[in-house]
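Engineer: Pasting in a structure now, in structure tokens, and then I'll have a few things to ask.
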């Protein structure tokens, strides 16, 4: 699998007018070679691929890596490029400009003054945006795990628990069900805090009459899930019920509208228009969704500004929301696989406002 | 507190020959302003400080930020710098070269062609390496939580559990005890996998006769803890007992040797020499430790190459290890506050090889 991907990178070198590609983003390195460590670069030329990492991975790297030669760096990873003569004078070495610090680029220029380091277009992002069968299987498993975790959270939730207690349950069950890790720190936002779209869990206790926004996901074999649900403890206010209905309908309309070839901003508009017509447009303060895969935010952005085209075999989140400062908020988020005829919703948890 | 830090940044501007400083690293932004969100930049001039973030943080940012004006970006964060005329033509704007992508630097140059963006020395890293009383209190609490979590793990551990099950316990108890999040994905490496210094938890089951390396930590109010302990299920092999004794002695010698003003590599040498003399030098494949604070890897590196000087009010890890490929490994890691006369070990968990 990874060998095919390295081959695809090699084929892209000429089109990008470079002699080699220096991959520096960890999940891209995993995508291309299988290496799961946290400190490496991968150097790909038409004839070879070399993974450079440090001594902590001396045993792990050869066991994981397929299709690339493993080099254990004696000093810095970049210094190996010149010391081992992997980079020859005059070479054009494409770099991942979005995933390389300005300091690292300066170091490369200093170590290899006779080479150039043009920014590549987001090559791995584009390759990995089209999921193959094995990737879709992993994403589906990550989503299944997150669905199962939500069922456990529904059993655990009760008045008097702190937001952190629910985050603890989420963290626990994700791992018990076999996730590599969480995709991000769970968002558990109750009562007025539900108006904060990205509130982390705190020591605040959950009370009867409050709604709780839960946004969480996991990573399974390198692939992410991401889900948001809203739970009410006791009967929620009429306004919360109303905005939940609006958000749910906005999400359903977006899901129904998804087609490959569609502009991302047109899809955003489907949900946004519904929320605007209901009078809550200015309270939908973020974009409709994002690509999902080896990154929790994969390349496809579904925002009002995005002219990207939806395409088959992409996985995206669809997550409209309404946030009323001081009162509370609602977001509903599903993971969706784009198919030839439309899409397949991967998330199975009920989307209704669950009243406990 | 954060106002004093912003003042210190202001005082540093002239020394760095810049008109302003653009802070782009999230934990540095939190350090300077209190903002805990994940998408922001902070722009500091001699007369003002502006935090620019996105619409998701419209309510959260003003509630958290002290000493800076909050701006909600309409498009990209950087575009606000020019559109709001925060940056004037000809300005020299220092950037965090280590924490700014090459792409972002190019964007800044395109948006603000008449300005320059010199790399600042690691200013916030250096400021935050000297901990004040409130920071030390938070680190101590993070370490206490991790100690308490280890006690829970010792109760939970038993043959037949998967490494992931222990990771689940660690994740759960960290949050139950009030941590914001984990500092990193827990390392749970059993049997031969203990020879991999950075092995993540897997579905491998833990068996009688194996040693298990547990490396974990949490973040509490933005400050990290980091600890490693070794547990044996049943009587460990004579070789594992032997290397545990060597590592423990190497760590103790390093702790006893710590003095402010000492070169970091001299401290590394204290532990490394002991391990080398015992015949295991080539199996100690990483550096002795690292600074700890708002980053899990703070600026001070305690390696054989580091000429940095240890200083009072730094917190560092001391974590020698020996890794025998195919057999197993040992690492013992404590968090240590450097004091005027030496150091104070913050981690309280027993350092012995715990046999269950």
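Chains as they are written, first to last, in the working numbering: chain A, 1 to 356; chain B, 1001 to 1356. Don't be surprised by glycine CBs; every beta carbon is placed ideally from N, CA and C. Because the structure is a prediction, the values reported are computed rather than measured.
Is residue 947 of chain B buried or exposed, if buried means 16 or more other CB atoms sit within 10 Å of its CB?
Structural biologist: This structure gives no information on residue 947 of chain B, because the portion of chain B shown stretches from 1001 to 1356.
Engineer: Would DSSP call residue 152 of chain A helix, strand or coil?
Structural biologist: As a working mapping, residue 152 of chain A is identified with position 152 in the first chain. The answer is helix: DSSP assigns residue 152 of chain A an H, G or I state.
Engineer: Taking the alpha-carbon positions, what's the residue 327 of chain A to residue 191 of chain A distance?
Structural biologist: Within the first chain, residue 327 of chain A is the residue found at index 327, counting from 1. Within the first chain, residue 191 of chain A is the residue found at index 191, counting from 1. Rounded to the nearest angstrom, the two C-alpha atoms are 7 Å apart.
Engineer: Rounding to the nearest angstrom, what Cα-Cα distance links residue 1307 of chain B and residue 1294 of chain B in this structure?
Structural biologist: On the second chain, position 307 is the one that residue 1307 of chain B refers to. On the second chain, position 294 is the one that residue 1294 of chain B refers to. When only Cα atoms are considered, residue 1307 of chain B and residue 1294 of chain B end up about 22 Å apart.
Engineer: Is there a Cβ from chain B that is less than 8 Å from the Cβ of residue 325 of chain A?
Structural biologist: Sequence index remark: in the first chain, residue 325 of chain A carries index 325 (1-based). Yes, because at least one Cβ of chain B sits closer than 8 Å to the Cβ of residue 325 of chain A.
Engineer: Could you list which residues in chain B have their beta carbon closer than 8 Å to that of residue 293 of chain A, in chain order?
Structural biologist: Here the question's residue 293 of chain A lines up with position 293 in the first chain. Under the 8 Å cutoff, chain B gives no residues; its nearest Cβ is about 19 Å from residue 293 of chain A.
Engineer: Would you list the residues sitting across from residue 1223 of chain B in a DSSP beta bridge?
Structural biologist: On the second chain, residue 1223 of chain B is found 223 positions in, with the first residue counted as 1. Bridge partners of residue 1223 of chain B: B:1220.
Engineer: In or out: residue 1075 of chain B buried (at least 16 other Cβ within 10 Å) or exposed?
Structural biologist: Here the question's residue 1075 of chain B lines up with position 75 in the second chain. By the 10 Å Cβ count, residue 1075 of chain B comes out exposed.
Engineer: Report all residues from its chain with a CB closer than 8 Å to the CB of residue 1261 of chain B; omit the five preceding and five following residues, and keep chain order.
Structural biologist: Taking the first residue of the second chain as position 1, residue 1261 of chain B is located at position 261. Correct list, in chain order: 1309, 1310, 1311.
Engineer: Please tell me whether residue 198 of chain A and residue 1291 of chain B are closer than 8 Å, where the distance is taken between their beta carbons.
Structural biologist: On the first chain, position 198 is the one that residue 198 of chain A refers to. On the second chain, position 291 is the one that residue 1291 of chain B refers to. Contact flag unset, no.
Engineer: Ordered along the chain, which non-local residues of its own chain (more than five positions away) have a Cβ less than 6 Å from that of residue 57 of chain A?
Structural biologist: For this step, residue 57 of chain A is matched to residue 57 along the first chain. The beta carbon of residue 57 of chain A sits closer than 6 Å to those of 37, all from its chain and outside the five residues before and after it, given in chain order.
Engineer: Is residue 195 of chain A close to chain B, meaning its C-beta is less than 8 Å from at least one C-beta of that chain?
Structural biologist: Counting from one through the first chain, the residue named residue 195 of chain A turns up at place 195. Taking 8 Å as the threshold, the shortest C-beta distance from residue 195 of chain A to chain B falls below it.
Engineer: Expressed to the nearest angstrom, what Euclidean distance is found between the alpha-carbon atoms of residue 27 of chain A and residue 336 of chain A?
Structural biologist: Residue numbering aside, residue 27 of chain A sits at position 27 when the first chain is read from its first letter. Residue numbering aside, residue 336 of chain A sits at position 336 when the first chain is read from its first letter. Approximately 21 Å, taken between the alpha carbons.
Engineer: At least one CB of chain B closer than 8 Å to the CB of residue 228 of chain A: is that the case?
Structural biologist: Walking along the first chain from the start, residue 228 of chain A turns up at place 228. Chain B contact via Cβ: absent.
Engineer: By how many angstroms is the C-alpha of residue 1090 of chain B removed from the C-alpha of residue 1015 of chain B?
Structural biologist: What you label residue 1015 of chain B is simply residue 15 of the second chain in a count that begins at 1. What you label residue 1090 of chain B is simply residue 90 of the second chain in a count that begins at 1. Rounded to the nearest angstrom, the two C-alpha atoms are 18 Å apart.
Engineer: Just the C-alpha distance for residue 1109 of chain B and residue 1169 of chain B, rounded to the nearest angstrom, thanks.
Structural biologist: Here residue 1109 of chain B is taken as the residue at index 109 of the second chain, counted from 1. Here residue 1169 of chain B is taken as the residue at index 169 of the second chain, counted from 1. If I take the Cα positions, the gap works out to 48 Å.
Engineer: If the criterion is Cβ atoms closer than 8 Å, does the pair residue 333 of chain A and residue 256 of chain A meet it?
Structural biologist: As a working mapping, residue 333 of chain A is identified with position 333 in the first chain. As a working mapping, residue 256 of chain A is identified with position 256 in the first chain. Taking 8 Å as the Cβ cut-off, residue 333 of chain A and residue 256 of chain A do not qualify as a contacting pair.
Engineer: Mapping the DSSP letters down to three states, classify residue 1181 of chain B as helix, strand or coil.
Structural biologist: In the second chain, the residue the question calls residue 1181 of chain B occupies position 181. The DSSP-derived three-state label of residue 1181 of chain B is strand.
Engineer: Determine the direct distance from the alpha carbon of residue 1132 of chain B to that of residue 1209 of chain B, and round the result to whole angstroms.
Structural biologist: Within the second chain, numbered from 1, the residue matching residue 1209 of chain B stands at position 209. Within the second chain, numbered from 1, the residue matching residue 1132 of chain B stands at position 132. Taking C-alpha positions only, residue 1209 of chain B is separated from residue 1132 of chain B by approximately 45 Å.
Engineer: Going along the segment 263 to 290 of chain A in order, which residues come within less than 8 Å of chain B, judged by CB to CB distance?
Structural biologist: 285, 286
Engineer: How close, in whole Å, do the beta carbons of residue 1342 of chain B and residue 1243 of chain B come, if the pair is a contact with beta carbons under 8 Å?
Structural biologist: Locating residue 1342 of chain B in the second chain gives position 342, counting from the first residue. Locating residue 1243 of chain B in the second chain gives position 243, counting from the first residue. At roughly 27 Å, the Cβ-Cβ gap does not stay under 8 Å, so residue 1342 of chain B and residue 1243 of chain B are not in contact.
Engineer: Along the chain, where does the beta strand (DSSP E) that runs through residue 289 of chain A open and close?
Structural biologist: Position 289 of the first chain, counting from 1, holds the residue named residue 289 of chain A. 289 to 291 is the span of the beta strand (DSSP E), which, as asked, contains residue 289 of chain A.
Engineer: Could you spell out where the beta strand (DSSP E) holding residue 303 of chain A opens and where it closes?
Structural biologist: For the purposes of this step, residue 303 of chain A is identified with residue 303 of the first chain, where counting begins at 1. Neither: residue 303 of chain A is in no beta strand (DSSP E) and is coded neither H nor E.
Engineer: Examine chain A for any beta-carbon lying closer than 8 Å to the beta-carbon of residue 1098 of chain B, and answer yes or no.
Structural biologist: Taking the first residue of the second chain as 1, we reach residue 1098 of chain B at position 98. So, interface residue.
Engineer: Out of B:1284, B:1316, B:1211, B:1286, which one is the CA nearest neighbour of residue 1297 of chain B?
Structural biologist: Indexing the second chain from 1 puts residue 1297 of chain B at position 297. When only C-alpha atoms are compared, the closest one is B:1316.
Engineer: Identify the contact partners of residue 203 of chain A in chain B, using a Cβ-Cβ distance below 7 Å as the criterion.
Structural biologist: Stepping through the first chain from its first residue, residue 203 of chain A is reached at position 203. Chain B residues near residue 203 of chain A: 1178.
Engineer: Is there contact here, the segment 114 to 127 of chain A with the segment 144 to 151 of chain A, by at least three beta-carbon pairs under 8 Å?
Structural biologist: no
Engineer: Taking residue 1330 of chain B as the reference, which of B:1272, B:1248, B:1276 has the closest Cα?
Structural biologist: Numbered from its first residue, the second chain carries residue 1330 of chain B at position 330. The shortest C-alpha separation from residue 1330 of chain B is found at B:1248.
Engineer: For a cutoff of 8 Å on Cβ pairs, would you count residue 111 of chain A as touching chain B?
Structural biologist: Your numbering for residue 111 of chain A matches position 111 in the first chain. Taking Cβ atoms only, chain B never reaches closer than 8 Å to residue 111 of chain A, which makes this a no.
Engineer: According to the Cβ coordinates, are residue 1013 of chain B and residue 1040 of chain B closer than 8 Å?
Structural biologist: Translated into the one-based positions of the second chain, residue 1013 of chain B becomes position 13. Translated into the one-based positions of the second chain, residue 1040 of chain B becomes position 40. Contact annotation: residue 1013 of chain B and residue 1040 of chain B have beta-carbon atoms that are not nearer than 8 Å.
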